[in-house]
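Respectively, the protein sequence lines represent chains A and B. Every number in this note's numbering is 201 more than the matching position in the first sequence, counting from 1. Every number in this note's numbering is 201 more than the matching position in the second sequence, counting from 1. Where is the CB? At the ideal position from N, CA and C, for every residue including glycine.
Protein chains: 2
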Amino acid sequence: MAIPKKTNSCKACTNKSSCFRKLTEEQLELIDKNRLEVSYKKGETILKQGSFASSILYLKKGLLKLYIEGKNDKNLIISIIPEGNLIGLPSLYGDPIYHYSAMAYEDSTICLIDIDMFRQLSQDNAQFSSEVIKILNELTIHSFDRFFAISQKNIPGRFADLMICLSKSIFKSEKFNLPLSRKELAELTSMSIESLSRVIKDFNDEKLIRIEGKEFEILDLKKLQQISENG
Amino acid sequence: MAIPKKTNSCKACTNKSSCFRKLTEEQLELIDKNRLEVSYKKGETILKQGSFASSILYLKKGLLKLYIEGKNDKNLIISIIPEGNLIGLPSLYGDPIYHYSAMAYEDSTICLIDIDMFRQLSQDNAQFSSEVIKILNELTIHSFDRFFAISQKNIPGRFADLMICLSKSIFKSEKFNLPLSRKELAELTSMSIESLSRVIKDFNDEKLIRIEGKEFEILDLKKLQQISENG
DNA sequence: CAAAAAACACGATTTAAATCAAGTTTTATT
DNA sequence: AATAAAACTTGATTTAAATCGTGTTTTTTG
């Protein structure tokens, strides 16, 4: 974890989370004054499941995974989070501990916002509060989708699902650079590394995708969607 | 669906959801005046995934399942809901459709609360709003747990998990009557009916549980927890 | 209450995917 | 740049769990 430092201001932050747009200028300034900005290197742990939830985190720059830690290295990735998103909201009210861990997939910049201040803002500003609910609900719905795919679909279906999700929801492009190892991709789709390797080869051979190292490109979205549906 | 009728008042409702306790008397009366009370028979569909979210539902009496509908009868049960709980909150802000279906496991009574009124109350009453967030977060955390169990644990582990969850979270007793068919229990644990049948037999033989028809009793919680951990 | 249908149990067989094994490529380290 | 280590690929084998087949019990219905 690097030494805290601040750059820019919340007001000037171009990709801020939708809920912050609901704040008054004074409220945004309050956050700005009290936030801490921290840099993490690729692979560093940002949040540890089970620790006290003292902050809501804002991912200013980078890419990370949220995951549940189980026994014997059995991890379950809840979600991939691109920049502009909040982390830790499920700990805002209720049990004041973090329910998942977070790890940086690439070098990332995080703003730490004191959770009590965040709570106070949700009490003072109903618009902000309902936007927070909206964000929470989007995470819930997204995790239901993942839940469904992982528990009901076969290997090609799950991988097609992942490709579509990355392209549409995360990178918003049919071509993207994904800084994940095969091990991490396997974890993401709940399959073994070998099965992942095979499905990549198959999809490459059938020209559904083009994967070279960390370079991904969707070639046949229609067919991928079909595989996702039937799988 | 039966003809709407009302019994008692919200004020007198003994097992009301925690968020309603945060309302003023006037606000609670407002709900009371505008709510509809509907009865459902066992097996009836209460909510249909994909339909317009016009109400937040309150389960006054009964037991139901929330589930995601997939293709080819591939359903995924999100959660079992005992009385006193709200249904449809993930549709409060954001996409105004229901993201899951709900079916009555036993004869149930539901209060329908207009979603716009519910939204208005969350705008007017910050305490209410934060309690709603708390409830949403509990659902999220609970579904993460289920997510993890189903995607990472083997059959005995998943079934032990279910038994512990039913006993501790739903029925709050080591003895309970569960009005579910084997098919529904199988759906709940993402396994085939035959596998479920076998694990029930095994657990019965090993005296971990006593299951006779719909009568369930936990006999050896310690061992169940061990199986859940290792599975 | 009898007949039909549905739910359930359980052994045999199949199958999807994990594990194992061995080689190759890429990345990191001295 | 040479060596070691890690990451990745690919085929062979194993295995957990699904499916299939059949008999039994329970529930529903005319």
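What do you reckon, are the CB atoms on residue i and residue j nearer than 8 Å?
| i | j | result |
| --- | --- | --- |
| Ser391/A | Ser352/B | yes |
| Asn378/A | Lys354/A | no |
| Ala305/A | Glu385/A | no |
| Ser252/A | Tyr294/A | no |
| Gly432/B | Pro357/B | yes |
| Phe319/B | Lys223/B | no |
| Ala365/A | Leu313/A | It is worth fixing the name first, because residue 365/A is Ile in this sequence and not Ala. Result no, Cβ atoms of Ile365/A and Leu313/A do not sit closer than 8 Å. |
| Tyr301/B | Ile279/B | yes |
| Lys243/B | Leu229/B | no |
| Ile269/B | Ala303/B | no |
| Asp421/A | Lys408/A | yes |
| Thr341/A | Thr341/B | yes |
| Asp233/B | Ser256/B | no |
Please check the pair residue i and residue j, which I expect to be a contact at CB under 8 Å, by giving their CB distance rounded to whole angstroms.
| i | j | result |
| --- | --- | --- |
| Val239/A | Leu290/A | Their Cβ separation, rounded to whole angstroms, is 18 Å, which puts Val239/A and Leu290/A out of contact at 8 Å. |
| Leu277/A | Phe348/B | 7 Å |
| Lys249/A | Cys214/A | With a Cβ gap of about 26 Å, Lys249/A and Cys214/A do not count as contacting. |
| Leu264/B | Ile281/B | 7 Å |
| Gln324/B | Ala327/A | 4 Å |
| Asn235/B | Asp317/B | With 8 Å as the limit, Asn235/B and Asp317/B do not qualify as a contact, their Cβ atoms being about 10 Å apart. |
Quick one: what's got a C-beta closer than 8 Å to residue i's C-beta in the same chain, skipping five residues either side?
| i | result |
| --- | --- |
| Ser393/A | Ala387 |
| Gly271/A | Leu277 |
Give the residues of chain B in contact with residue i, contact being defined as C-beta atoms less than 7 Å apart.
| i | result |
| --- | --- |
| Gly295/A | Lys335, Asn338, Glu339 |
Mind listing the chain B neighbours of residue i? Cutoff is C-beta to C-beta under 9 Å, in chain order.
| i | result |
| --- | --- |
| Phe329/A | Residues of chain B passing the Cβ test: none, with the nearest at roughly 10 Å. |
| Ile419/A | Simply none; closest approach about 22 Å. |
| Gln324/A | Ala327, Gln328, Ser330, Ser331 |
Can you list the residues of chain A that residue i reaches, using a CB-CB cut of under 8 Å?
| i | result |
| --- | --- |
| Lys272/B | Glu430, Asn431 |
| Ile279/B | Phe345, Phe348 |
Between which residues of its own chain and residue i is the CB-CB distance below 6 Å, once the five residues before and five after are set aside?
| i | result |
| --- | --- |
| Lys376/B | Glu418 |
| Ser368/B | Glu375, Ile419 |
| Phe404/A | Ile410 |
| Asn338/A | none |
| Ala350/A | Arg359, Asp362 |
| Tyr241/A | Ile247, Ala305, Ser309 |
For residue i, go through chain A and note every residue whose CB falls closer than 7 Å to its CB, in chain order.
| i | result |
| --- | --- |
| Lys275/B | Gln353 |
| Ile269/B | Phe345, Phe349 |
Kindly list the residues whose CB is nearer than 7 Å to the CB of residue i, restricted to its own chain and excluding five residues on each side of it in sequence; keep chain order.
| i | result |
| --- | --- |
| Lys207/A | Glu238 |
| Ile371/B | Ile281, Pro283 |
| His343/B | Ser280 |
| Leu389/B | Ile278, Leu363 |
| Ser292/B | Ala254, Ile298, Tyr299, His300 |
| Arg383/A | Ile394, Leu397, Ser398 |
| Asp274/A | none |
Could you name the residues of chain A that residue i contacts, counting a contact when the two beta carbons are closer than 9 Å?
| i | result |
| --- | --- |
| Ser391/B | Ser352, Gln353 |
In chain B, which residues lie with their C-beta within 8 Å of the C-beta of residue i?
| i | result |
| --- | --- |
| Ile342/A | Pro291, Gly295, Asp296, His300 |
Three CB pairs or more closer than 8 Å across the region 300-309 of chain B and the region 394-411 of chain B: no
Segment contact, 8 Å Cβ cut-off, at least three pairs: the region 277-293 of chain A with the region 210-220 of chain A: yes
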